[in-house]
Every structure is written in structure tokens, then in C-alpha cells.
Amino acid sequence: MGLFDAILGRSKPARPDLDQLFAVPSAALTLQAATGFAPSGLGSVCFAGVEGGTFARLQDDVRELLDADTGRGGEPVTISQDAYGYTWLLAQQPPDDLAALVNDLHAVNTLLQDGGFGPHLLCSLIGFRDPEGRSLALVYLYKRGTFYPFAPLTGAGEKRDNGLELQVRAALGDDLRVEKELARWFPVWGAPGL
């Protein structure tokens, strides 16, 4: 950041810190105690698709890495595209092995970043459910290095449970780096893993 940026009030964006994902398993204990939401065993990584052989090989490497993991209980990874053209990679582990799921998501993000596709990474999502079947996701914003909760209302179309999201923010504020700007809590309707 230069002097001119400082004068104009511009700040340097936070560097992505993928190791923040490793804080999720302990934060999940806090979340379950405070709200009753437990890990669903589903998680996903969203990135802007890129054409080309290098990116296709990298996707194959990611799939091979995570599909090889099925020997310890995980399901094969699935890759899909949403209506906006973003690519979603869905990973699955047993709900009681959140650490394995986080390791998978971290590996995907790291492979993409190390392959030169870091600028195309958008977010990672870790799914949770409560005893009534409501969904909640902790969304990691790659470019901000922060998390935020996303809680769609069940059966209400594209509406969010803002009260629950704020409750989760309050509960996890000491466990995770939570995004302070609520305007950056983007909805991820229909995201795989939600």
C-alpha cells in the first residue's frame, strides 16, 4: 500500500489465510452448544470456472485426491455448475469427522491456489443442521479471509433467518474471524453442501 492509497483511505485487503479453516472443528463445538447445529458432513468450494487444459488437469487432480480419500469413509467428490456459471466442488465425510472434511476443503483450496488459480477462488462452505432439520452454513470468503453464517429459511423461498445468523455471529466471534461488514454476507442459495 502506498502513500497515495493511505491518503485516499484505501486499505490493503486481508491476505487469504487458508489455515483459518482449521479453526472450524473447535468452533463447531461452540456452535452446537450455543444453537444446537451440528456438522452435516458436507462442504464445498466455489470458484469461477476457467477454460483450458491446465485448469481441467487441476480439476482432475482435485477429484483424484479426494476420491482416493473414500477409503476412510468419505464419498466421491462431485463437481457442478450453478446458474451463474460458478463451479462448485462438493466433498462429503461422516458428520462426526469434521476435521477430515476441513482437511479436504483446505486441500482443494491449496491445490487451486498453488496451481495459479487463487484469484478464481470465491468461497468455501461447511454445512450444519439442527435437530429440526434447518440448514446453516459457515461460509469462508477466500479474498477476505473471514467467515460468515448463512441460514436459509426452510420452505420460505429465498429468505434468510437473519436472527439466527446474528446469533451465530455472536456465538462464534471468539472462535472464528467473522466478517464485520454485513453487506458482504452474500446469500448462497442452493449451494451444494447447504
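With the first letter of the sequence shown counted as 1, position 178 gets the number 187 in this note's numbering; the numbers rise by one all the way through. Ideal placement from N, C-alpha and C gives every residue a C-beta, glycine not left out.
Residue nearest to Glu188 within the set Arg178, Leu203, Val86 is Arg178 (criterion: CA-CA distance).
In summary, Leu203 is buried, with 16 or more beta-carbon neighbours lying within 10 Å of its beta-carbon over all protein chains present. For Arg138, the enclosing beta strand (DSSP E) covers residues 130-138.
Nearest to Ala200 by C-alpha distance, out of Gly127, Thr39, Ser35, Gly94, is Gly94.
Assigned with DSSP and collapsed to three states, Leu185 falls in coil, not helix or strand. Secondary structure at Pro103: coil, using DSSP grouped into helix, strand and coil. With contacts defined as CB atoms closer than 7 Å, Cys132 and Leu121 fail to qualify as a contacting pair.
Cβ neighbours of Pro161 within its own chain (closer than 8 Å, five residues either side excluded): Ser144, Glu167, Lys168, Arg169, Asp170, Pro196, Trp198, Leu203.
Counting the other CB atoms within 10 Å of its CB gives Gly182 a total below 16, which places it among the exposed residues. If you draw a straight line from the Cα of Thr163 to the Cα of Leu185, it is about 26 Å long.
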